[in-house]
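Working notes for the structure below.
Residue numbers (the working numbering), protein chains in the order written: chain C, 333 to 651; chain H, 20 to 518.
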């Protein structure tokens, strides 16, 4: 009890709180100096376009994590949304209806996840791992286990069309990230997400509807993954069932490397943006220097461990 | 007598804050040496320096006459010095004996030698007379027994000096009594005990010597029998306290009942509870730990559902199905546990204060009006007397008293009709206690009905207009605040017939 108030030295907190910004900038400068093709506008545009789908889901996943939950099933939502979009576009020829189908199936999956976690009270990691397999199964059934090709090639414009030099997918990501940033940092809902993940019982006793808040974060991340899946279908004009966890892994990596706490209650959407860019720059640098892609996986995994270790270290310093 | 441990001119800073300023203390071997002072006076820091948790910035630490420089608690342990902290550090899934010998297991080859472990356990129990069930899983033990396990763990490592930081803060009064017996036994066996406590009566009853600390310095170290309760308080706060409690203002006789409870029950927790609280009245719920008081107020706040009975609030039926509904009906509650039920530790004071009434600062569309919110938080933190922190300080960094004030502030954003406080002064220092008492009396004078749960008798007696005593989940008596004595309350609480 007799612990005196310890003011965090300003300089240290600037270093640790914003570490991901400094490291990302440092990496950018390093690549700009050492790697010839890096600074070309085409390469930079490419990086942004490649990260757009991940950022859409990652911004939403940031809220889920801050609210104290994981959602492993967004890979399934992503894949199924692509299938639903492809099927709908082929069946109706309506592009917007196709997007809506992808967004809708992701939202629906989010509701299912939220219900299982909040009301059936299954640990979110296990619950969404379990629903992942259910959703993967649905994907195989919907697609009849085969690759679906979108016949209407104009549909690719939705993701690949350009505005002011950047792809539409990039612009959609900018808007979605902006929305989630604003929601988390400025609205009552965002405040309640922090409270729910920081101390659920305390939040409940302060009148926060903690279950509803958790459910909404699942719905949002499901919808975002659905949108990302629909855009992916637009980008490739194909959709294919699989049970690959690659997408959620990349999204979680961006959120965690950015510095959002896996314990809940702490984090920010801008962190996820920098986390995603940091990883993207590393991979881009490797590609430009033609380093074995297998090495990228080692780096990816190592970064997550390093990020969580850094989070633990700063936590132990400040409480 | 040779000092067991000796601090000479020890200074310790955290960032810019001076926790200890050139402190000199002698700890005599085999004595029970108490440390008293307000929160932030430096007691725990001193204890942590002796046990190697913190290293001093300057000054010397001597153990058995020779200078030492502990870098880790492990270094201190090597010289038989251990800390029993406020937050216990046991492995909940392991048994008492397994915890005691964790890290120093008796092995036969690679396997744990259960027979030898048991023999050593029995020896320890025999030698110090501290008994715990060896095979019980620690999470199933009471807090008091868990503390004994911690002490036995120290003794199993041949501890000769044990620092205890607020060991009785979480114990019921009978458990605290047992702990004091244990501490005396340790002292009788030649173990030196440094005893950090907020409870002055306890310090007076148990310790041989006492050091009073204030603002990181030693006020004085004296034999305990030369001190009294009032002399200790005077030393701690640096001025004499006429009376700790603000004057009570009698509620108007004609004041309407704000809360009226009839035949309320929650199976397994309490039953047949009926009482009223009028506007401006302070009612305290007294009783032993486990008498059903916390369970009762949780039902009143909508945190748990009742299984029978009815409640009226301001003359209207009141059936809160969640704390959210209770808050909307004008009920506020400062819960029993600050750390797990009250605070959002990672978030700043501002967010902790406005959390329950954020709607007041929200524009259409759910956007928080940052300026309005900040100015309200600023105003309230001043009203509750939050000191030494800004509204952007994370609450985890506040002292216990300031944390509690922030939680009180949460319910002042919008004026409640019924204010429930469950053990609001637990673990806070004398000065902050007084601040909280003033707040409660102030709220009552504004016509708010106050329901206070407290295990501190002087608080129960000093604040209440009316005292309701609970025992075994029932109301066993009601006393007028002004006339009741400690004995009256305890007689009822222990279930003996009052007649």
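Just so you know, even glycine gets a beta-carbon here, dropped at the ideal spot from N, CA and C. None of the values given here were measured: they were computed from a predicted structure.
Do residue j and residue i have their beta-carbon atoms positioned less than 8 Å apart in this structure?
i             : j             : result
residue 475/C : residue 415/C : yes
residue 497/C : residue 352/C : no
residue 307/H : residue 473/H : no
residue 479/C : residue 422/C : no
residue 43/H  : residue 237/H : yes
residue 528/C : residue 540/C : yes
residue 491/C : residue 566/C : yes
residue 48/H  : residue 211/H : yes
residue 413/C : residue 430/C : no
residue 424/H : residue 405/H : yes
residue 598/C : residue 398/C : yes
residue 604/C : residue 391/C : yes
residue 274/H : residue 299/H : yes
residue 205/H : residue 181/H : yes
residue 294/H : residue 280/H : yes
residue 230/H : residue 240/H : yes
Tell me where the alpha helix (DSSP H) around residue i begins and ends.
i             : result
residue 613/C : 601-620
residue 282/H : Not the alpha helix (DSSP H): residue 282/H falls in the beta strand (DSSP E), residues 276-285.
residue 133/H : 133-147
residue 165/H : 162-175
residue 450/H : 449-464
residue 372/H : 368-373
residue 390/C : 373-398
Which class does residue i belong to by DSSP, given the choice of helix, strand or coil?
i             : result
residue 564/H : Past the boundaries of the shown model lies residue 564/H; chain H is included only from 20 to 518, so the question cannot be answered.
residue 333/H : coil
residue 73/H  : coil
residue 427/C : helix
residue 432/H : coil
residue 586/C : helix
residue 472/H : strand
residue 524/C : helix
residue 454/C : coil
residue 438/H : strand
residue 487/C : helix
residue 291/H : strand
residue 43/H  : strand
residue 593/C : coil
residue 363/H : coil
residue 402/C : coil
residue 353/H : strand
residue 31/H  : strand
residue 128/H : coil
residue 114/H : strand
residue 443/C : helix
Using the Cβ count rule (16 or more neighbours within 10 Å means buried), how would you classify residue i?
i             : result
residue 602/C : buried
residue 645/C : exposed
residue 95/H  : buried
residue 21/H  : exposed
residue 596/C : buried
residue 451/C : exposed
residue 343/H : buried
residue 261/H : With a pLDDT of 44 at residue 261/H, under the threshold of 50, the predicted position of this residue should be treated as unreliable, though the coordinate-derived value follows. Looking at its Cβ environment, which holds fewer than 16 other Cβ atoms inside 10 Å, residue 261/H is exposed.
residue 62/H  : buried
residue 416/H : buried
residue 430/H : buried
residue 154/H : exposed
residue 559/C : buried
residue 184/H : buried
residue 697/C : Beyond the ends of chain C as shown, which are 333 and 651, falls residue 697/C; an answer cannot be given.
Output, in chain order, the set of chain B residues within a Cβ distance shorter than 7 Å of residue i.
i             : result
residue 485/H : Judged by its chain identifiers, the structure shown contains no chain B, and its protein chains are C and H.
Can you tell me where the beta strand (DSSP E) holding residue i begins and where it ends?
i             : result
residue 52/H  : 51-55
residue 494/H : 493-499
residue 100/H : 100-103
residue 86/H  : 85-87
residue 490/H : 485-490
Kindly provide the ranges of any alpha helix (DSSP H) runs that are 4 or more residues long and lie completely inside the segment 298-349 of chain H, ordered along the chain. 312-319 and 342-347
Within the segment 211-247 of chain H, ranges of the beta strand (DSSP E) (whole runs, at least 3 residues): 211-215, 228-233 and 236-242
Can you check the segment 384-414 of chain H for any beta strand (DSSP E) of at least 3 residues that lies completely inside it and give the ranges in chain order? none
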